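A short worksheet on the structure shown next.
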Amino acid sequence: MKYLWLIFSGLRRNTIRVVLTVLSISVAFTLYGLLRPVGLVFDSGANLPGNNRLVVSPKHSLSDMLPVGHVSQIRQLEGVTSVTTQTWFAGTYKDPENTFAQYAVTPEEYLELYPELLLTEKEKKDFLNIRTAALVSRSIAEEFEFRVGDKIPLIPSIWMNRDFRHWEFDLVGIIETDDETIDAPRFLFRFDYFDEYRAFANGLVGNIILGVEEPEQSAALIRRVDALFANSPNETETSSERDYFLNFARQLGDIGLIVNSVLTAVFFTILLLTANTMSQAIRDRIPEMAILKTLGYRDWTILLLVFGESVTITVLGTVIGIVVAICLSIYISGLGANQFGPIRVTQDVVASAFMVAVLMGVIVGLQPALQAKRASIVDSLRRT
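Positions in the sequence shown are counted from 1; adding 7 to them yields the numbering used here.
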C-alpha cells in the first residue's frame with residue numbers, strides 16, 4: 008500500500024502534465040476501441056456469416072446479372088438444401104441521403120436459408136402472400152421510424168418500374184434477431200413483384216444463394232456450381248457468404264491494412280509523447296529519488312516505482328478511452344448499422360487494449376526507470 012501511495016504522490020507532483028498525457032492516451036485508445044473491431048472484421052471475417060451458405064455471383068463483374076434459370080440447375084446438385092435469389096435494388100427513401108441495403112428476394116426460400124431472422128407467424132404469412140410485402144431490420148425501422156402497416160416509397164436509382172415512378176411497398180414485418188452481431192440491416196421485398204414490375208432485365212438476378220447440407224463440403228460444392236456454368240455466356244463465381252462480403256468490401260481497398268496502419272501511426276506518436284513526458288518527469292524528480300535511496304529504498308524498488316507510474320498513466324488513459332469508445336459505438340449503432348452488422352467493442356478488444364496499455368507503460372517507463380535506478384545519491388542531491 009505504501010508503494011501505491013508513493014506512485015500516486017509522484018503523479019500528483021505535476022497534475023497538469025499527467026492529465027494532458029492521460030487525455031492524449033485516452034484519445035489513442037478511443038480510436039483503438041472503435042477501429043480494432045473493424046480491422047478484425049476485414050482481417051478475419053469476425054461477426055460475418057459462416058460457411059453454411061454459398062453465394063453465386065457473375066464471374067466477370069458484380070454489375071452483371073445471372074439468369075433466374077440457374078436456380079433450378081443449382082437446386083438439383085447434391086448437397087444443396089435450398090436456393091434463393093437476391094438482387095440489389097439501390098433505392099432511396101424520400102431523400103437521396105436516406106439509403107440502406109435493399110434486396111429483392113424469393114421469399115419462402117430466403118426465410119428458410121436465414122433462420123436467424125426472427126418473424127412472427129403472421130409476418131411470415133403476410134410476406135409470403137402479399138405481392139407488395141416488405142420486411143425491414145429493426146435498426147432501419149428505428150432509424151426511419153417505420154411501423155408495420157406503413158407504405159414505404161423507394162425512389163429507384165437503377166431499377167425503374169414500368170410506370171417510371173417511385174416503387175411502393177407494404178411493410179408487413181420487423182426483422183428481429185437473437186444475436187446483435189448478425190443484425191445486418193436489410194430491407195427485403197418479393198422478387199416476383201419486382202421482376203414483373205421493373206422496366207427492363209426481366210428474368211435476371213443479382214446473386215443466387217444456396218444452403219449447404221454439410222459445411223465441410225462447401226469447397227467441393229463451389230467447384231461443382233462453377234463447373235456447371237463454365238464456358239457459358241453466364242459464367243459464375245461461387246464463394247462462401249463470408250468470403251463474398253469480405254471480397255465486396257475489399258473492392259474499396261484493404262480496409263484491414265488501412266485501419267492497422269492508422270492505429271500503428273497513432274500509437275507510435277503517443278509512445279514518443281508519453282516517453283518524453285515520463286523522461287522529463289523523472290529528470291525533475293531525481294533529487295527526490297535520491298532522498299528515497301537515503302531512506303533505505305533499494306535501486307530496484309525505485310525502478311519499479313517508476314514503472315508503476317508509467318503503467319498507471321497508460322492504464323488510466325486506456326480506461327477513459329475504452330469507456331468513450333463503448334459509448335460512441337452504441338451511439339453510432341443507433342444511427343444505423345452497416346452491411347456487416349454493428350461494430351461492437353468486445354471483451355477481446357478490451358483485453359487486448361489493456362495488454363497494449365501495460366506494454367506501452369513498460370516501454371515508456373524503461374529509460375526513466377533505468378535513469379532513476381542508476382542515479383548517484385551525491386550527484387542527485389547536488390541538483391537541489
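Glycine is no exception: its CB is placed at the ideal position from the N, C-alpha and C atoms. Remember, predicted model here, so these are calculated numbers, not experimental data.
What are the residues that DSSP puts in a beta bridge with residue i?
| i | result |
| --- | --- |
| phenylalanine 176 | Ile159 |
| glutamate 244 | Ser64 |
| serine 144 | Ile182 |
| tryptophan 95 | Tyr110 |
| phenylalanine 196 | Ala111, Ala141 |
| isoleucine 216 | Val62, Thr91 |
| proline 74 | Leu211 |
| arginine 205 | Asn168 |
| leucine 125 | Glu183 |
Let me confirm a value: residue i is counted as buried when at least 16 other C-beta atoms fall within 10 Å, else exposed. Which label applies?
| i | result |
| --- | --- |
| glycine 40 | buried |
| aspartate 71 | exposed |
| valine 26 | exposed |
| glutamine 354 | exposed |
| phenylalanine 194 | buried |
| asparagine 214 | buried |
| aspartate 199 | exposed |
| alanine 344 | Its pLDDT being 46, under 50, alanine 344 is placed unreliably by the model, and the measurement read from it follows with that caveat. That one is buried. |
| alanine 35 | buried |
| isoleucine 147 | buried |
| phenylalanine 201 | buried |
| arginine 60 | buried |
| proline 103 | exposed |
| serine 268 | exposed |
| alanine 360 | buried |
| glutamate 223 | exposed |
| phenylalanine 171 | exposed |
| glutamate 130 | buried |
| proline 240 | exposed |
| threonine 271 | exposed |
Starting from the Cα of residue i, find the closest Cα among the options and give me that residue.
| i | options | result |
| --- | --- | --- |
| aspartate 157 | Phe171, Asn168, Trp166, Leu142 | Leu142 |
| valine 75 | His67, Gln93, Ala148, Arg305 | Gln93 |
| threonine 106 | Gly210, Glu242, Ala226, Pro192 | Pro192 |
| valine 179 | Gln80, Val330, Pro114, Val352 | Pro114 |
| alanine 108 | Ser144, Asp133, Ser286 | Ser144 |
| arginine 197 | Gly368, Ile339, Ser89, Phe134 | Phe134 |
| asparagine 254 | Tyr110, Glu220, Val62, Lys129 | Val62 |
| isoleucine 162 | Tyr110, Glu152, Lys101, Thr319 | Lys101 |
| tryptophan 174 | Tyr204, Leu377, Ile337, Leu217 | Tyr204 |
| threonine 243 | Asn21, Glu220, Val78 | Val78 |
| phenylalanine 275 | Leu30, Asn136, Ile370 | Ile370 |
| glutamate 150 | Ile181, Pro44, Leu280 | Ile181 |
| valine 112 | Val45, Arg154, Asp233, Gly210 | Gly210 |
| leucine 280 | Leu30, Asn238, Leu69 | Leu30 |
| phenylalanine 96 | Leu125, Val155, Ser164, Lys131 | Ser164 |
| leucine 69 | Thr245, Gly368, Leu377 | Thr245 |
| leucine 310 | Pro160, Val273, Leu377, Leu335 | Leu377 |
| asparagine 21 | Pro240, Ser336, Gln287, Arg305 | Gln287 |
| asparagine 283 | Gly368, Lys129, Lys132 | Gly368 |
| phenylalanine 236 | Leu125, Lys66, Phe153 | Lys66 |
With a cut-off of 8 Å on the beta carbons, I'd call residue i and residue j a contact; round off their distance for me.
| i | j | result |
| --- | --- | --- |
| aspartate 37 | glycine 328 | Contrary to the premise, residue 37 reads as threonine rather than aspartate in this sequence. Indeed, because the Cβ distance is near 4 Å, the residues count as touching under 8 Å. |
| proline 375 | isoleucine 277 | About 16 Å; that fails the 8 Å criterion. |
| alanine 364 | threonine 308 | Actually they do not touch by this definition, with Cβ atoms about 23 Å apart. |
| valine 331 | leucine 42 | 13 Å between Cβ atoms; not a contact. |
| serine 317 | methionine 285 | 5 Å |
| tyrosine 251 | serine 64 | 7 Å |
Do residue j and residue i come within 7 Å of each other at the CB atom, strictly closer than that value?
| i | j | result |
| --- | --- | --- |
| threonine 139 | phenylalanine 176 | yes |
| glycine 324 | isoleucine 32 | yes |
| alanine 206 | methionine 167 | yes |
| glycine 372 | valine 313 | yes |
| glutamate 248 | threonine 184 | no |
| threonine 91 | tyrosine 117 | yes |
| arginine 231 | leucine 84 | yes |
| valine 212 | leucine 120 | no |
| glutamate 220 | glycine 86 | yes |
| valine 352 | isoleucine 333 | yes |
| leucine 217 | isoleucine 81 | yes |
Under a CB-based cut-off of 7 Å, is residue i close to chain B?
| i | result |
| --- | --- |
| leucine 377 | In the displayed structure, chain B is absent; only one protein chain is listed. |
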